[in-house]
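Everything below concerns the one structure shown next.
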């Protein structure tokens, strides 16, 4: 999928909006619709559901990517994170493309985790990378890859993070840089920006309640916009 590799690549390092300014917490329970546009053309749509239960937040996403070399691609993903720290517990994603189905899973607890690809558990354990103090799942074009980032940084005040990419069975080192983000037209004045500096710059814009209003990837002329909330 064309935008998948670019998003995985862009997860290598992050930068926080000026001073820095963090969201108050993770977005409230509810259903959120997002539209993906590249060069002004619609390429994907996602519906994300957020639900809290005790000490865990469950995030479900259903996505349809229409502009790919193999036609329409359907993705269904589920992630659970801790409600206080926003650190990941589990992640699973099913992809249907050209009539073929693939499934990836990730689980993490007590300082160690594992990847599972189409039912086969990978032998190499997943651990926090040296020098990092928080972890986030960043995978494919999924909206949920970006949703927890502002709240995670707000809770951890991390200067570096371990980014987990289940579909690639690997991790990245992400370094926080508190440089200011340039707010594009249409983003509400009260929104705060959390940006990725390298290797591909992108910014996640959230309102004071932690709702992600927009994600911008200027180098790809790509934007993810909140279109409906219920």
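In our numbering, the protein residues as written are 1318 to 1547.
Yeah, the Cβ is synthetic: ideal placement off N, Cα and C, and Gly gets one too.
This structure is a prediction, so every number in the text was calculated from the model and none was measured.
The alpha helix (DSSP H) that contains residue 1463, what's its start and end? Run containing residue 1463: 1461-1464, per the alpha helix (DSSP H) assignment.
For residue 1469, verify whether its CB is less than 7 Å away from any heavy atom of the ligand ADP. Among the components modelled here there is no ligand, and therefore nothing to report on the ligand ADP.
Assign residue 1479 to one of two classes, buried (16 or more other C-beta atoms within 10 Å of its C-beta) or exposed (fewer than that). buried
Please return the same chain residues whose Cβ sits closer than 7 Å to the Cβ of residue 1403, not counting the five positions on each side in sequence. 1343, 1465, 1468, 1469 and 1472
Can you say whether residue 1391 is buried or exposed, counting buried as having 16 or more other CB atoms within 10 angstroms of its CB? Looking at its Cβ environment, which holds fewer than 16 other Cβ atoms inside 10 Å, residue 1391 is exposed.
Evaluate residue 1475 with the Cβ neighbour count: other Cβ atoms within 10 Å of its Cβ, from every protein chain shown; 16 or more gives buried, anything less gives exposed. Counting of Cβ neighbours within 10 angstroms places residue 1475 among the buried residues, the total reaching 16 or more.
Would you decide whether residue 1462 is buried or exposed? Buried here means 16 or more other CB atoms lie within 10 Å of its CB. buried
Whose C-beta lies closer than 7 Å to the C-beta of residue 1435 among residues of the same chain, with five residues either side of it excluded? 1419 and 1420
Assuming residue 1361 and residue 1348 make a contact with CB atoms under 8 Å, what is their CB distance in whole Å? Going by Cβ atoms, the distance from residue 1361 to residue 1348 rounds to 17 Å, so no, they are not a contact pair.
In whole angstroms, give me the CA-to-CA distance for residue 1489 and residue 1398. 19 Å
Under a three-way DSSP split, which group does residue 1509 fall into? Residue 1509: strand per DSSP, three-state reduction.
C-alpha distance - residue 1483 paired with residue 1501, whole-angstrom precision: 31 Å
List the DSSP bridge partners of residue 1473. When DSSP reads this structure, residue 1473 sits in no beta bridge, so it has no partner.
As assigned by DSSP and simplified to three states, the class of residue 1455: coil
Nearest candidate by alpha-carbon position, reference residue 1357, set 1546, 1547 and 1535: 1535
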